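Let me begin by presenting the structure, written as structure tokens, before commenting on it.
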Amino acid sequence: MNVEQSQALTWEDFVKKSMSDLKAKYPALNLSQIAGKININRSTLNRLTNEGMKPQLDNYIKIISGSGNGHLMNEALFAYDDALTSSPMNHIQVAITEKNKVLTTPEFEEAIDDRDNFIAYLLASRSSGTTEEEITHVLGAKGLGSLKTLESKGILKEENNVFRPINESEVLVRSFESIKRHLKTYAEHYKPEHVGKNRNYVHSLTDGLSIEGVEKVQAVHRKFHSELKEVMRNENNLGPIPMFSVAFCDTFTGIDFKHTTTEVLQ
Numbered sequence: 004m005n006v007e008q009s010q011a012l013t014w015e016d017f018v019k020k021s022m023s024d025l026k027a028k029y030p031a032l033n034l035s036q037i038a039g040k041i042n043i044n045r046s047t048l049n050r051l052t053n054e055g056m057k058p059q060l061d062n063y064i065k066i067i068s069g070s071g072n073g074h075l076m077n078e079a080l081f082a083y084d085d086a087l088t089s090s091p092m093n094h095i096q097v098a099i100t101e102k103n104k105v106l107t108t109p110e111f112e113e114a115i116d117d118r119d120n121f122i123a124y125l126l127a128s129r130s131s132g133t134t135e136e137e138i139t140h141v142l143g144a145k146g147l148g149s150l151k152t153l154e155s156k157g158i159l160k161e162e163n164n165v166f167r168p169i170n171e172s173e174v175l176v177r178s179f180e181s182i183k184r185h186l187k188t189y190a191e192h193y194k195p196e197h198v199g200k201n202r203n204y205v206h207s208l209t210d211g212l213s214i215e216g217v218e219k220v221q222a223v224h225r226k227f228h229s230e231l232k233e234v235m236r237n238e239n240n241l242g243p244i245p246m247f248s249v250a251f252c253d254t255f256t257g258i259d260f261k262h263t264t265t266e267v268l269q
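Take my numbering: the final residue in the sequence shown is number 269, and no numbers are missing along the way.
Take a look at the structure:
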């Protein structure tokens, strides 16, 4: 079966192909060890393989990308749920519309799990690249070690004292776990002294909402994501200042939590 040519593949087909490719990629490893390589719980991967259960979206993406099938991600997401690629302004759709997008591999995410390595990579991935002077300013002397580590792993290259990714044109799309881990990393670089100087912005809002209200908040974030991407990918706006923007929303309670409502007495 040629996955790239078929037009009617199911999510089961993509999981089956990806599991086959994972076993070929790691022939000396058993299923439990493969689970560790792609950062999936061992029992979860066993159930996916032996019981044919539909994986959660984050695990599905890990299986596809970890097996080297990231180039099939659009088709795989459509097979999982066509709303992921057809719904206007879906948060995943915004990410996959990036030019030259590449889903990160487990090996890459292991390298940038270190917070200093992560920031060093971000600085180097700008169109202007980064220098030892800039890295030292942002991270201190320890940042130079991060540059050496990323260079030794074949992630960064150095030319004329400027560090850039080996594949400069690629836009890497990270896993949900990596995104969550580095929310704190970004927060550490928020500078209160920049307030009022047209450098930063922060907000925090919390309240109890209806399901419709939750969906409206999510829609606002999706719109913001799309609009911000257009600003930061516009060549007319590019320059030497390394800026970051992070936005996220969620509910404190899980989807299965049963909420009770109390009517206000008149």
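Where is the CB? At the ideal position from N, CA and C, for every residue including glycine. Treat the numbers as computed from the prediction; the structure is a model and nothing was measured.
Residue burial is scored here from C-beta neighbours: Ser128 has at least 16 other C-beta atoms within 10 angstroms and is therefore classed as buried.
For Leu186, the uninterrupted alpha helix (DSSP H) segment begins and ends at Phe179 to Glu191. By the Cβ neighbour-count rule, Met76 is buried, with 16 or more other Cβ atoms within 10 Å of its own. Taken through DSSP and simplified to helix, strand or coil, Val18 comes out as helix. Taking Gly157 as reference, the option from Arg50, Tyr124, Leu34 and His74 with the minimal CA-CA separation is Tyr124. Annotation: Gly216 to Ile258 spans about 15 Å, alpha carbon to alpha carbon. Straight-line measurement puts the Cα of Lys183 at about 25 Å from the Cα of Ser21. When DSSP states are grouped into helix, strand and coil, Phe166 belongs to the strand group. Straight-line measurement puts the Cα of Asn170 at about 12 Å from the Cα of Ser130. The shortest CA-to-CA distance from His206 to any of Val198, Val176 and Leu212 is the one to Val198. In this structure, DSSP gives Val176 an extended state, which the three-state scheme calls strand. Fewer than three pairs of CB atoms, one per stretch, sit closer than 8 Å, so the segment 186-197 makes no contact with the segment 224-239. Trp14 is the residue among Trp14, Ala82 and Met235 whose C-alpha sits nearest the C-alpha of Thr52. The straight-line gap separating the alpha-carbon atoms of Leu241 and Met235 is approximately 7 Å. For Phe121, the enclosing alpha helix (DSSP H) has its first and last residue at Arg118 to Ala127.
Remark: C-beta atoms of Gly211 and Val165 do not approach each other more closely than 8 Å. Straight through space, the alpha carbons of Tyr29 and Leu159 are spaced by roughly 25 Å. A distance below 8 Å separates the beta carbons of Leu25 and Ser70. For Ser248, the number of other beta carbons within 10 angstroms of its own is below 16, and it is reported as exposed. Partner residues in the beta bridge of Leu159, as assigned by DSSP, are Pro168.
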